[in-house]
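Asks: Dumping the structure here so I can ask a few things about it.
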Amino acid sequence: MTDTSSAIATFNDQAAGYESQRRRLVPPFDEFYGTAVSALDLAGRPLREILDLGAGTGLLSRRVKAAQPQARLTLLDGAPAMLAEARRALGGDAQYLQADLIDPLAPGPWDAVVSALAIHHLDDDGKRRLFAGIHAELAPGGIFVNAEQVAGPSALFHDVYVAWHAREAERAGVTPDEWTASQERMRLDRWASVEHQLTWLREAGFPDVDCLYKHHCFAVLVARRAG
Ligand SMILES: C[S@@+](CC[C@H](N)C(=O)[O-])C[C@H]1O[C@@H](n2cnc3c(N)ncnc32)[C@H](O)[C@@H]1O
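Residue numbers (this note's numbering): 44 to 270.
See the structure below:
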């Protein structure tokens, strides 16, 4: 069973400086978050209730709200300090839930469930249980979008991803101290490959699943519940 407390505590302690590094630590930042937001168009209808899992300071939620202004966002995260930062930016325009991703999912029906760079903190059983919970709580035709850091399909490609990420982060101006701190955080990550995650999404009941974007270890996985 996943021990989720270390990852949550780490982010809680680093909430204040979190956003200033993200663009440099996530080299394909605009394409990565942009693809996640535009994937919501697959629903083919206006979305009313959207749940953001591991929402942190609201980086993804703010982009979703700009693209889907009619939607009500619910930001779920285990770290209260991250949610406090999110509230500063989004204010009363959203709901905030302090909860652990290993617990049963906040009841829907949700028109969409989104997540960025959070579900990889669960072990593989935890991810599979969460995917089943998301499927159960989505409205018919609802969309799940997971912008994630993923493992390579084999050790060879995993090593390629890690070397690429280090190179790109340095090029983007990540300092040695920032890189060391990010490596410490990543020791708590439980990356899974795109192939495994698409399989688990199908097993959870989603008939339509795909990887809409991938650049080395950064991928956007999308699943739609039957309408
Ligand atoms: C890398 S941050 C991503 C935040 C935001 N989604 C973004 O794209 O910037 C990961 C977030 O997941 C949260 N998190 C990690 N494990 C969690 C868990 N088991 N339950 C709830 N939140 C968790 C952390 O507190 C943190 O805010």
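Cβ atoms here follow ideal geometry from the backbone N, Cα and C, with glycine treated the same way.
Source: prediction; values computed, not measured.
1) Tell me the rounded alpha-carbon separation between A155 and P250.
2) Would you call the region 260-270 and the region 231-247 in contact, with 3 or more CB pairs under 8 Å?
3) Of all the alpha helix (DSSP H) runs that stay within the bounds of the region 75-150, which reach a length of 4 or more residues?
4) Quick one, are the C-beta atoms of G87 and G184 less than 9 Å apart?
5) Does the region 121-131 come into contact with the region 47-54, if we say contact requires no fewer than three beta-carbon pairs (one atom in each stretch) closer than 8 Å?
6) Determine the DSSP secondary structure at D46, reduced to helix, strand or coil.
7) Can you give the Cα-Cα distance for N189 and S158, rounded to whole angstroms?
8) Using 8 Å as the cut-off, classify the Cβ of D95 as near or not near the heavy atoms of ligand 1, replying yes or no.
9) Just to confirm before moving on: does the CB-CB distance between R105 and A215 stay below 9 Å?
10) Taking 8 Å as the cut-off, is the beta-carbon of G99 closer than that to any non-hydrogen atom of ligand 1?
11) Output the distance between the C-alpha atoms of G77 and F187, rounded to the nearest integer angstrom.
12) For D231 and R268, I'd like the C-alpha separation in whole angstroms.
13) Leaving out the 5 sequence neighbours to the left and right, which residues in its chain are closer than 6 Å to D253 when beta-carbon positions are compared?
14) Is N189 close to ligand 1? I mean its beta-carbon at under 8 Å from any heavy atom of the ligand.
15) Report buried or exposed for T218, applying the criterion of at least 16 other Cβ atoms within 10 angstroms of its Cβ.
Replies: From the atom records:
1) 16 Å
2) yes
3) 102-110, 123-133
4) yes
5) yes
6) coil
7) Between the alpha carbons of N189 and S158 lies a gap of roughly 5 Å.
8) yes
9) no
10) yes
11) 15 Å
12) Checking the displayed sequence, the identity of residue 231 turns out to be Leu instead of Asp. Cα-Cα distance, rounded: 30 Å.
13) V265
14) no
15) exposed
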